[in-house]
Amino acid sequence: MGGNMKELVEYIARSIVTIPDEVSVNEETNSDSIVLKLQVAAEDRGRVIGKQGKVAQAMRTLLRIAAIREGTRVQLEIM
Amino acid sequence: MQESREVRGRTVEEATERALEELGLRRDQVELTVIRKGKTGFFGLGSEEAAVLVRPLKQNSEEPTEAIEPNEEIDTAALAKEVLEDLLRLMNLDATVEVTACLEGEAQDAKSISLDVKGDDLGVLIGRRGETLASLQYIVRLIVARYQRAKVPISIDVEGYKQRRYGMLRELAVRLAQKVKTTGQSTVLEPMPPDERRIVHLALSISPDVTTQSIGEGEVRKVAIVPRKH
Chain A
2 MGGNMKELVE YIARSIVTIP DEVSVNEETN SDSIVLKLQV AAEDRGRVIG
52 KQGKVAQAMR TLLRIAAIRE GTRVQLEIM
Chain B
2 MQESREVRGR TVEEATERAL EELGLRRDQV ELTVIRKGKT GFFGLGSEEA
52 AVLVRPLKQN SEEPTEAIEP NEEIDTAALA KEVLEDLLRL MNLDATVEVT
102 ACLEGEAQDA KSISLDVKGD DLGVLIGRRG ETLASLQYIV RLIVARYQRA
152 KVPISIDVEG YKQRRYGMLR ELAVRLAQKV KTTGQSTVLE PMPPDERRIV
202 HLALSISPDV TTQSIGEGEV RKVAIVPRKH
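First to last, the sequence lines map onto chains A and B.
Each number in this note's numbering comes from the position in the first sequence (counting from 1) with 1 added on.
Each number in this note's numbering comes from the position in the second sequence (counting from 1) with 1 added on.
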């Protein structure tokens, strides 16, 4: 599963970057967790990370809620 | 447009922080004038309070104008509501969003937008000390700011959580101020996010007996209630 979590990251990232077309999220499913790998244009990296990682942290917080609902664990990596 | 206000503190930094908290603005949204630098003194002897004058700048003036003009026709409240609904749906939460009147005590601005999330079992959306709610609000603000090319103050509440919390904090502040007055001893509240510290500062800003100041950094920043020297 985790379709919605991948979509959640895509939705947020596409909405805050300057080049939405270059946003991609890869999903790796392990036995009890999901790893989402977010890739954006080089110049947009700062936007999805944010000052002191604030944006990335907020995305992880929201992902955690989605993960609880799906009974799994999720990890977000920004490539 | 809000008027300028004078705020005091032990140091210029402290006075500035307090002013920003009371106004609910960031450093880049105000014009700052130092009236008095203040002296720390020695063991509190010969100390003098610092004072600053802050004047809120017009909204959006800090945003560089980009090629695309802000789209005035899009109703920002409707956009914010839609973004929030999208996020909630993607988080698998069954909830609805209502645009509400401004929360009492929130930054007063004609453009400010308040949204309330309604549904069952939404405690998970609030999180410990409202941390999850803060993240949600941060992301919605970011997305709306991106679309509108301007920063818009958006406040998100869940089932009236903030309303209740603000009310509780006001009562607590008044009760603690009374205690500080009778004992003459300062007291420190638990760490709180900026909006909640602001509620405490505001609740006691007219008190003749105590003053308030924020101490500590980041996550552990908290409000101290200090007896006023007579």
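All residues carry an ideal CB built from backbone N, CA and C; glycine is no exception.
With contacts defined as CB atoms closer than 9 Å, L85 of chain B and V118 of chain B qualify as a contacting pair. Here DSSP, grouped into helix, strand and coil, assigns T17 of chain B to helix. Here the alpha carbons of V227 of chain B and L64 of chain A stand approximately 41 Å from one another. Measuring C-alpha to C-alpha distances from T101 of chain B to each of B:D87, B:K38, B:A79, B:M92 identifies B:A79 as the nearest. Burial state of S215 of chain B is buried, judged by a 10 Å Cβ sphere holding 16 or more other Cβ atoms.
Annotation: the stretch 35-63 of chain A contains the following complete segments of the alpha helix (DSSP H) (minimum length 4 residues), in chain order: 46-50. With contacts defined by Cβ atoms closer than 9 Å, E197 of chain B and G131 of chain B form a contacting pair.
Here P194 of chain B is near A135 of chain B, since their CB atoms are less than 9 Å apart.
Boundaries around K82 of chain B are those of the alpha helix (DSSP H), 77-91, since no beta strand (DSSP E) includes it. Inter-segment contact for the stretch 11-19 of chain A and the stretch 143-158 of chain B is present: three or more beta-carbon pairs are separated by less than 8 Å. Proximity of V100 of chain B to chain A, defined by a Cβ-Cβ separation below 9 Å, is not satisfied. The stretch 5-20 of chain B and the stretch 154-174 of chain B do not touch, with fewer than 3 CB-CB distances between them shorter than 8 Å. By the Cβ-count criterion, E22 of chain B is buried, with 16 or more other Cβ atoms from all chains shown falling within 10 Å of its own Cβ. In this structure, DSSP gives V201 of chain B a helical state, which the three-state scheme calls helix.
Rounded to the nearest angstrom, the Cβ distance from A225 of chain B to V175 of chain B is 16 Å, too far for a contact under 8 Å.
Those residues of the stretch 59-73 of chain A placed with their C-beta closer than 9 Å to a C-beta in chain B are A59, M60, R61, T62, L63, L64, R65, I66, A67, I69, R70, E71, ordered along the chain. Cα atoms of E172 of chain B and A51 of chain B: separation of roughly 29 Å, rounded to the nearest angstrom. Residues of chain A with a Cβ closer than 7 Å to the Cβ of T133 of chain B are, in chain order, T62, I66.
Listed along chain A, no residue sits closer than 9 Å to R229 of chain B by beta-carbon distance, the nearest being about 36 Å off. Of B:G168, B:R37, B:Q138, the smallest CA-CA separation from I157 of chain B is found for B:Q138. Under DSSP, G10 of chain B forms a beta bridge with B:A51.
The C-beta of P57 of chain B has 16 or more other C-beta atoms within 10 Å across all chains shown, which makes the residue buried. Nearest CB-CB separation between S206 of chain B and chain A: not below the 9 Å threshold.
Per DSSP, reduced to three states, the secondary structure at D122 of chain B is coil, with no helix or strand assignment.
Q76 of chain A sits close to I35 of chain A, with the two beta carbons spaced by under 9 Å. Of B:V31, B:S48, B:S5, B:G25, the smallest CA-CA separation from T12 of chain B is found for B:S48. For L77 of chain A, the uninterrupted beta strand (DSSP E) run begins and ends at 74-79, by DSSP. When beta bridges are read from the DSSP output, Q214 of chain B appears opposite B:A225. The C-beta of L9 of chain A comes closer than 9 Å to at least one C-beta of chain B. Nearest in C-alpha terms to T77 of chain B, of all of B:I127, B:V31, B:S115, is B:S115.
For I207 of chain B, no alpha helix (DSSP H) run applies, since DSSP gives it neither H nor E.
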